[in-house]
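If you count by my numbering, then the sequence shown holds residues 5 to 464, one letter each, in order.
What follows is one structure encoded as structure tokens, with my remarks underneath.
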Amino acid sequence: MKTMLALLLFACSLRAAAQPWRHSTKAADAGYDAAALAETRAVADEAHSAAVFAVADGRVIAAWGGVDRKLELHSMRKSIYAALWGIAEARGLVRLDATLAELGVDDLQALTDEEKRARLIDLLHARSGVYHPAAYATADQEEARPARGSHARDTFWFYNNWDFNVAGALLERVTGKPLGIVIDEWLAKPLGMQDYAPSDVFAALEPHVSRWPALTIRMSARDLARFGELWLNEGRWNGRQLVPAAYIARASAPASSTGAPGQGYAMMWWTYDAGSVDAKQYPNASRVRLLLARGLGGHVLAIVPDAHLVIVHRADTDHGRRVPGAAVWTIIDRILGARRGVPIRRARASAVRIEPFASQLAPFVWPHAVAISPRAMQNVAGDYELRPGVVAHVFIEDGRLFASMPGRGEAELFATSPTDFFVRVDAGTTIHFDLDDAGVAARVRVTIGGKELVARRIPV
């Protein structure tokens with residue numbers, strides 16, 4: 005009987021956690037102007053936004069575009085890491101002041117004793133002082149990376165993918181589980197995320213760059229909004245304290261200035277004091293405090309505590325579409341500008357009404373990867389000359405096939421046939437090998453952004 009009751013209570017708790025979003029029947033009931041929101045939707049459509057999802061006082065006020073479509077979070081993944089470390093610390097799995105030496109962190113280029121004195125919290129603040137090559141780093145990061153040994157830990161802020169990658173991968177070491185499972189058990193299921201699956205996490209490894217992969221995450225706008233609501237509500241969801249409130253406050257407090265007055269960087273969150281945003285361009289956003297998770301191409305999760313508001317903006321980076329930062333800020337500013345008063349308590353709500361964008365494209369369809377033999381990998385491995393002096397390298401590492409492209413770093417290749425491949429973190433990039441009579445690759449055809457590059461194999 006007790007077992008049956010426990011199972012019933014558990015099932016009820018899961019159903020409660022998985023309650024769907026509710027949409028304010030009237031925007032005015034939520035304290036927003038319907039016409040102003042409609043105008044903002046048109047602005048987002050014109051900017052080619054992929055999705056906008058906004059939640060005010062727990063009720064949806066905007067569900068525009070592909071809000072159920074999973075897109076890569078890009079650098080917004082880091083804010084997810086920050087929440088997971090708060091949970092890990094609360095469960096006694098780790099101390100945030102543990103050093104890299106204590107955590108057993110090293111890399112292809114051995115860390116010095118001084119570098120190993122950096123702490124986990126220094127990684128979360130991007131203040132480790134460890135300046136090693138990193139997977140998934142942009143060209144700008146690579147160019148701006150300080151020299152090794154130039155700064156002691158916790159003395160200098162540098163937006164450092166090495167810090168972020170190590171912080172993400174250490175979550176797997178500390179928990180003993182793949183990150184996809186950790187997110188599922190600690191966040192997705194308790195929050196009732198509708199679209200997330202553990203397979204939405206992918207390890208982007210560059211084996212000749214660093215032993216620490218970038219653990220990328222794909223997530224829908226409406227699921228990301230649940231994470232934003234959790235943070236807005238100081239780690240509490242449906243009566244459960246998932247992340248300690250004290251940790252949320254600590255992680256939201258800027259540890260570094262990012263250059264502009266009133267703008268800073270906390271634990272993998274960007275912070276904006278009231279008055280720190282350009283008041284002429286964004287008068288409404290300039291009046292409030294904001295906490296942002298930001299990702300390449302126009303991906304933003306904005307938390308506005310003063311308005312009890314969460315705004316998610318997504319860009320269709322799967323199709324190479326980017327939304328300029330100014331356009332994203334305009335959308336945030338206009339949603340804030342649509343506020344007219346306080347919400348009506350217990351106002352009527354309905355199922356979410358998704359309004360598609362006229363400009364949105366059909367979701368990118370990822371190819372299905374198949375296994376190929378070690379011999380098939382050997383047949384295509386080698387060096388390929390793109391043009392005189394510019395060489396692409398295809399190589400095998402631990403039974404996996406990788407390619408190194410000049411200016412694009414290393415990426416794992418996934419087969420759709422023994423001669424055809426795609427890249428998991430670069431939608432639309434395909435690689436085809438032309439074989440000679442002996443079944444060995446003679447040339448490679450690489451398609452990036454719709455443009456084909458052909459390179460001949462350099463004889464061994």
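Beta carbons: idealized from backbone N, C-alpha and C, even for Gly.
For residue 147, report the span of its alpha helix (DSSP H) as first-last. 143 to 148
So what does DSSP say about residue 382, is it helix, strand or coil? helix
For residue 261, the residue or residues it bridges with in DSSP: 268
Nearest neighbour of residue 85, chosen from 76, 172, 138 [CA to CA]: 172
If I'm right that residue 316 touches residue 300 with Cβ under 8 Å, what's the distance once you round it to whole angstroms? Residue 316 to residue 300, Cβ: 16 Å. No contact.
If we count the other Cβ atoms within 10 Å of its Cβ and call it buried at 16 or more, is residue 284 buried or exposed? exposed
Using the three-state DSSP reduction, which class does residue 186 fall into: helix, strand or coil? helix
I believe residue 407 touches residue 396 by the beta-carbon criterion, under 8 Å. Please report the beta-carbon distance rounded to the nearest angstrom. 6 Å
Please identify the residue among 199, 214, 213 whose C-alpha is closest to the C-alpha of residue 225. 199
Counted within 10 angstroms of its Cβ, other Cβ atoms place residue 440 as buried (16 or more) or exposed: exposed
What runs of the alpha helix (DSSP H), each 4 residues or longer, lie entirely inside the region 346 to 434? 378 to 384
Grab the span of the alpha helix (DSSP H) containing residue 321 for me, first residue to last. First-last for residue 321: undefined, no H or E at that position.
Report the three-state DSSP secondary structure of residue 486 (helix, strand or coil). Since the first and last residues shown for the chain are 5 and 464, residue 486 lies out of range.
Taking all protein chains shown into account, do 16 or more other C-beta atoms lie within 10 angstroms of the C-beta of residue 194, making it buried, or fewer, making it exposed? buried
If you count every other CB in all the chains shown that lies within 10 Å of the CB of residue 157, and 16 or more means buried, which is it? buried
Can you give the Cα-Cα distance for residue 241 and residue 450, rounded to whole angstroms? 47 Å
Between residue 459 and residue 389, is the Cβ-Cβ spacing less than 8 Å? yes
N- and C-terminal bounds of the beta strand (DSSP E) containing residue 461: 455 to 461
Does the separation of the CB atoms of residue 427 and residue 420 fall below 8 Å? no
Reference residue 162, options 69, 201, 77, 272, closest by Cα: 272
What number of angstroms, rounded off, separates the C-alpha of residue 386 from the C-alpha of residue 184? 33 Å
Could you tell me if residue 357 is buried or exposed, where buried requires 16 or more neighbouring beta carbons within 10 angstroms of its beta carbon? exposed
Just the Cα atoms here: how many angstroms apart are residue 333 and residue 279? 14 Å
Provide the residue span of the beta strand (DSSP E) that contains residue 206, from first to last. 205 to 208
Quick check on DSSP: helix, strand or coil for residue 21? The predicted model places residue 21 with a pLDDT of 44, which falls under 50 and marks its position as unreliable, so this point remains unresolved.
Residues that DSSP places opposite residue 452 in a beta bridge: 455
Is the beta carbon of residue 175 sitting closer than 8 Å to the one on residue 88? yes
Alpha carbon of residue 250 to alpha carbon of residue 325, nearest angstrom: 38 Å
Apart from the five residues just before and just after residue 36, which ones in its own chain have a Cβ nearer than 7 Å to its Cβ? 60, 65, 342, 343, 344
Residue 26, DSSP secondary structure in three states: strand
Could you name the residues that DSSP lists as bridge partners for residue 160? Bridge partners of residue 160: none, in fact.
From 43, 291, 166, 79, residue whose alpha carbon lies closest to that of residue 309: 291
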